[in-house]
Amino acid sequence: MTDLPPDLPARSDAAAYDPQSAEPRWQRAWAERGCFTVADVPETDRPKYYVLEMFPYPSGKIHMGHVRNYTLGDVVARYKRARGHVVLHPMGWDAFGLPAENAARERGIHPARWTRDNIAAMRAELQRMGLSIDWRREFATCDPAYYGQQQKLFLDMLRAGLAERRESWVNWDPVDQTVLANEQVIDGRGWRSGAPVEKRSLSQWFLSITRYAPELLAALDRLERWPERVRLMQAKWIGRSEGARLRFRLVTEMEGIAEVEVYTTRPDTLFGMSFLAIAPEHPLAAAVAAGDPAAASFIAECRRMGTSEAVIETAEKRGYDTGLRVRHPFQREAVFPVWIANFVLMEYGTGAIFGCPAHDQRDLEFARAYGLAVRPVVLPPGEAAASFTVGTRAYDGPGRVIQSGFLDGLDTAAAKARAIDELRRLGVGEGMVNWRLRDWGVSRQRYWGCPIPVIHCPSCGVVPVPDADLPVRLPDDVTFDRPGNPLDHHPTWKHVRCPRCAAPAERETDTFDTFVDSSWYFARFCSPHAAEPVAAAAAGHWLPVDQYIGGIEHAILHLLYARFFTRAMAATGHLAVEEPFAGLFTQGMVTHESYRSADGRWLYPEEVERLADGSARERASGGAVTVGRVEAMSKSRRNTVDPGAIIARYGADTARWFILSDNPPERDMEWTEAGVAGAWRFTQRVFRLVDAIAGTAASAPGGTRPEGPGSEASGPQVPDAAAQALRRLTHRTIVAVTEALEGFAFNVAVARLHEFANALADAERRADEPGLPEARRDGVALLARLIAPMMPHLAEEMHARLGGGGALVAELPWPEADPALVAAQTVTIAVQVMGRLRATLALPPGQPEAEVIAAAEQEPNVARMLAGQPIRRRIYVPDRVVNFVIGG
RNA sequence: GCCCGCCUGGCGGAAUGGCAGACGCAGCGGACUUAAAAUCCGCAGCCCACAAGGCGUGGGGGUUCGAGUCCCCCGGCGGGCACCA
0 MTDLPPDLPA RSDAAAYDPQ SAEPRWQRAW AERGCFTVAD VPETDRPKYY
50 VLEMFPYPSG KIHMGHVRNY TLGDVVARYK RARGHVVLHP MGWDAFGLPA
100 ENAARERGIH PARWTRDNIA AMRAELQRMG LSIDWRREFA TCDPAYYGQQ
150 QKLFLDMLRA GLAERRESWV NWDPVDQTVL ANEQVIDGRG WRSGAPVEKR
200 SLSQWFLSIT RYAPELLAAL DRLERWPERV RLMQAKWIGR SEGARLRFRL
250 VTEMEGIAEV EVYTTRPDTL FGMSFLAIAP EHPLAAAVAA GDPAAASFIA
300 ECRRMGTSEA VIETAEKRGY DTGLRVRHPF QREAVFPVWI ANFVLMEYGT
350 GAIFGCPAHD QRDLEFARAY GLAVRPVVLP PGEAAASFTV GTRAYDGPGR
400 VIQSGFLDGL DTAAAKARAI DELRRLGVGE GMVNWRLRDW GVSRQRYWGC
450 PIPVIHCPSC GVVPVPDADL PVRLPDDVTF DRPGNPLDHH PTWKHVRCPR
500 CAAPAERETD TFDTFVDSSW YFARFCSPHA AEPVAAAAAG HWLPVDQYIG
550 GIEHAILHLL YARFFTRAMA ATGHLAVEEP FAGLFTQGMV THESYRSADG
600 RWLYPEEVER LADGSARERA SGGAVTVGRV EAMSKSRRNT VDPGAIIARY
650 GADTARWFIL SDNPPERDME WTEAGVAGAW RFTQRVFRLV DAIAGTAASA
700 PGGTRPEGPG SEASGPQVPD AAAQALRRLT HRTIVAVTEA LEGFAFNVAV
750 ARLHEFANAL ADAERRADEP GLPEARRDGV ALLARLIAPM MPHLAEEMHA
800 RLGGGGALVA ELPWPEADPA LVAAQTVTIA VQVMGRLRAT LALPPGQPEA
850 EVIAAAEQEP NVARMLAGQP IRRRIYVPDR VVNFVIGG
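When the count follows numbering that gives the first Met the number 0, it moves up by one through the first sequence with no breaks and lands on 887 for the last residue.
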């Protein structure tokens with residue numbers, strides 16, 4: 000019997016609150032009253048507030064991460080609304096992407112159908128959560144109405160010179176016939192096909208994000224409501240560095256190449272050079288390879304190495320001596336070998352470096368491997384030139400320059416400047432700022448994405464699709480029975496006439512990276528049905544987003560792309576703001592214990608039963624279960640909890656409450672059965688507070704006042720002391736919850752509301768004290784309103800039962816605290832001797848210092864400690880602490 | 001390797017430089033019940049039989065009348081980035 004899973008407590012108590020009937024009822028009430036709908040341009044002088052959570056990919060089911068994300072956003076939205084803001088809180092779908100194509104390939108479902116079904120299912124789940132969303136604004140990025148406007152944006156960017164087509168190296172999967180992102184290449188093989196990945200040069204579309212690199216970096220300082228670490232990650236990603244660009248002249252030309260350009264941040268170490276190294280993809284390497292099979296095979300080997308982290312990490316430094324020599328810019332007579340090296344990146348700087356082994360660790364390892372010279376030219380502070388040597392560790396810190404001709408004696412900073420001056424004087428180089436950030440390649444060889452709206456004409460070249468022909472729609476009749484891009488295989492779709500010369504031409508068959516779709520959706524939400532990408536008046540009113548909430552995993556790419564897009568849209572006249580997100584909050588993950596059966600199968604939490612002794616066993620078989628680590632919920636470990644099942648069992652409010660109460664929202668939270676159960680108990684407990692009042696009011700209208708003795712509490716005897724104390728707590732709770740919500744300290748707000756509910760329940764048992772029933776009734780009414788951002792349905796139910804007066808809580812302003820009631824009536828002053836607590840004093844606030852100190856000295860414990868000791872100092876912090884410093 | 005963050009009872013956590021551990025979870029005791037569930041009341045950092053006291057916020061040092069909080073060093077855990085020239 001006791002082995003049965005615990006049933007819903009509600010079933011055993013007829014009077015209990017039933018969220019399954021109440022929650023949908025209030026959701027309908029909000030919808031009917033249009034509580035959460037706002038105009039594109041509201042006619043009001045109330046301040047605007049735009050709350051946005053990162054929109055979901057429609058995978059088919061919401062997960063706990065969504066529940067957390069949207070609960071956090073909804074608390075903010077409901078709170079801000081109550082504080083008098085007109086709140087924009089929309090929802091949409093990041094609906095393009097590979098999983099839909101995979102479903103098509105594996106199960107024969109059309110991507111559009113699969114996506115639409117998933118959206119319908121997830122919309123229902125989100126609506127069941129009771130989110131205060133303006134659903135009239137909903138759209139999916141796979142709507143032609145959305146992606147058509149995106150095509151318009153792209154064409155404007157193309158015209159503005161912000162988009163261009165160029166060759167670039169990509170990871171090519173020869174079996175799937177598609178480009179792979181770096182993270183899709185595992186040990187040099189395609190993640191799906193397992194085929195060895197090749198580096199190929201393809202013609203791709205790029206957006207010129209690098210043009211905004213300085214601005215994207217500088218503006219980070221002004222994003223004060225962004226987490227510091229996100230700004231830091233972006234700054235590092237953008238990667239500004241200062242150095243010099245210089246050209247090394249080849250002793251003998253090679254296929255018309257006479258010099259090699261190098262970027263360095265250490266021009267001060269130029270005299271420590273011992274070789275020059277170029278990337279395997281460098282044009283000079285190709286020129287060498289043309290006449291040198293050994294070089295060609297070395298380059299091919301590097302290419303096979305792939306770009307995956309594991310390979311790079313374990314790869315030793317390897318190189319190939321081309322036999323070519325370059326001259327040193329400062330020492331005409333000195334020549335150095337040119338190597339092709341596997342650790343030089345074509346994508347960074349100029350694809351070539353000068354090697355200074357004494358002061359760069361990689362160069363040192365390379366030099367040791369191939370017996371190249373190691374010449375120290377920077378002397379660390381405190382070292383003597385005669386004795387300083389470099390062993391296995393390069394010295395890359397600052398110091399004094401030695402063995403460097405005209406740079407001798409300068410410190411490294413001065414030497415950098417001096418070296419750059421000299422390079423410029425000689426006409427072989429100059430100072431240069433370099434950026435790590437690369438332009439954004441947006442071409443994907445996929446079907447389920449936004450078509451890139453251009454036409455390739457044999458005679459006119461790249462021709463934009465005319466505005467009148469937008470949107471370029473995806474064809475529905477595609478097949479997924481062979482590898483490669485279905486758009487490319489389609490019998491007719493790509494064959495069109497050139498808009499310029501009417502000759503037969505071909506559509507671009509690549510589609511956009513889905514990061515493009517999510518780079519401007521926040522702007523589209525302001526005017527989701529506009530005939531242009533964004534309506535100026537609406538965007539002008541709502542943007543920037545005041546509070547954006549999402550996962551840290553988007554700290555770099557999505558947020559940086561959106562920041563870039565905002566600027567590019569401003570440059571093309573679509574937007575007038577600089578930054579899309581004024582405030583950013585990054586939530587932690589939802590985690591859960593993981594379970595394994597004796598034979599090593601992963602088990603879902605609902606298949607496992609925890610026993611009182613802390614062990615666990617399988618429900619079905621009774622078999623032993625190993626409880627594993629608490630980690631991020633993932634399908635592969637089966638440590639997931641289905642929000643739909645939780646809501647069906649406990650209701651949305653309980654799920655919301657638990658998710659908010661567990662810990663601060665920026666940290667990872669652990670989902671536990673005991674935790675939700677506790678939240679469920681609280682939900683019921685709060686409801687019973689109302690129930691008790693309804694009963695009291697009916698049986699004793701106006702409240703009887705028996706003449707019983709007042710509180711036996713010490714202090715001045717006030718007849719209604721208990722009622723007054725409850726009223727003071729009520730108003731202090733308003734202040735505390737308000738502060739907690741403002742600071743995203745939702746777990747603290749929950750704690751304060753727990754305390755308040757405890758006090759109200761306590762008051763229930765003392766109904767005969769004067770004024771207490773009234774104070775309790777007022778308190779419960781306020782509890783409903785304070786709880787509303789977190790548990791909106793329960794709040795409405797309570798409010799209505801207390802005689803809500805026709806208004807919904809969702810329509811009420813946030814409660815105001817009465818300052819007179821908030822002010823403390825007594826304060827507890829800590830009395831310390833030598834900084835250690837010896838007593839406390841309960842006094843009215845604001846007592847004169849002398850009296851407080853005198854009272855403190857009277858305390859027996861204090862008096863004993865002070866006896867026979869000279870008092871050196873008496874520290875007094877008003878209403879807080881007294882500290883006696885004693886002894887000689 | 002570099003950068004960032006974190007470390008407080010059995011657990012999640014709270015605490016403008018001023019009573020450490022609020023609140024919750026788990027636990028223990030009691031009431032109610034034939035019994036259980038639910039509910040309600042109470043206990044609860046460690047040492048000490050009680051009191052008094054002592055020890056306690058990863059470890060060590062420092063600043064201060066007073067440090068979980070500020071500074072320095074060390075350790076552990078987590079995250080991000082990475083042949084970036």
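Where is the CB? At the ideal position from N, CA and C, for every residue including glycine.
| Check | Outcome |
| --- | --- |
| Identity of the residue in W439, R496 and N662 nearest I555 by Cα | W439 |
| Rounded straight-line distance, which links the Cα of L152 to that of A799 | 49 Å |
| Buried or exposed (CB count within 10 angstroms, at least 16 for buried), C500 | exposed |
| Helix, strand or coil at A333 [DSSP, three-state] | coil |
| For A561, three-class secondary structure by DSSP | helix |
| Contained alpha helix (DSSP H) runs [length at least 4] in the region 802-885, N- to C-terminal order | 818-821, 848-857 and 859-865 |
| Unbroken alpha helix (DSSP H) run spanning V174, endpoints | Careful: V174 lies outside any alpha helix (DSSP H) and carries neither H nor E. |
| Opposing strand residues paired with D320 [DSSP bridges] | W338 |
| Opening and closing residue of the alpha helix (DSSP H) in which Q203 lies | Here Q203 belongs to no alpha helix (DSSP H); instead the beta strand (DSSP E) covers E197 to L206. |
| Outcome for R879 when other beta-carbon atoms lying within 10 angstroms are tallied against a minimum of 16 | exposed |
| For L51: DSSP bridge partner residues | Y547 |
| Contacts around L378, its chain only, beta-carbon distance under 8 Å, and the 5 residues preceding and following it disregarded | A384, F387, G398, R399, V400 and I401 |
| Residues near N341 in its chain [Cβ-Cβ closer than 6 Å; skip 5 each side] | C301 and R317 |
| Cβ-Cβ distance between P498 and L473 below 8 Å | no |
| Assumed close pair Y49, D545 - CB separation to whole angstroms, cut-off 8 Å | 5 Å |
| Backbone secondary structure at G702 - three-state DSSP | In this prediction, G702 has a pLDDT of 35, which is less than 50 and means its spatial position is unreliable; what the coordinates show is noted afterwards. Reduced to three states, the DSSP call for G702 is coil. |
| Start-to-end residues for the alpha helix (DSSP H) that takes in N101 | L97 to R106 |
| Proximity below 8 Å, CB of P642 to CB of H62 | yes |
| For E166 and G460, the rounded distance between their alpha carbons | 15 Å |
| Identity of the residues DSSP links to W601 by a beta bridge | R595 |
| Nearest-angstrom Cα separation, counted from E617 out to G919 | This structure leaves residue 919 out entirely; the chain is present only between 0 and 887. |
| Inside the region 455-487 only - beta strand (DSSP E) runs reaching at least 3 residues | 460-463 |
| Element boundaries [beta strand (DSSP E), containing E505] | P503 to R506 |
| Rounded straight-line distance, which links the Cα of P98 to that of D476 | 18 Å |
| DSSP bridge partner residues for W439 (one or two, in chain order) | L206 |
| From V876, P812 and V533, residue whose alpha carbon lies closest to that of G147 | V533 |
| C-alpha gap between R24 and L807, whole angstroms | 12 Å |
| Span separating the alpha-carbon of A739 from that of D661 | 15 Å |
| Residues of its chain near G83, where Cβ-Cβ distance is below 6 Å and the 5 sequence neighbours each way are ignored | R45 |
| Beta-carbon separation (whole angstroms), I298 vs A284, contact threshold 8 Å | 6 Å |
| Contact between the region 666-680 and the region 809-825 (3+ Cβ pairs under 8 Å) | no |
| C-beta atoms of A103 and W113 nearer than 8 Å | yes |
| The alpha helix (DSSP H) enclosing G539, as first and last residue numbers | A535 to W541 |
| Residue span of the beta strand (DSSP E) that contains V624, given as start and end | A623 to A631 |
| Three-state secondary structure (DSSP) of H88 | coil |
| R27 versus T682 - alpha carbon distance | 21 Å |
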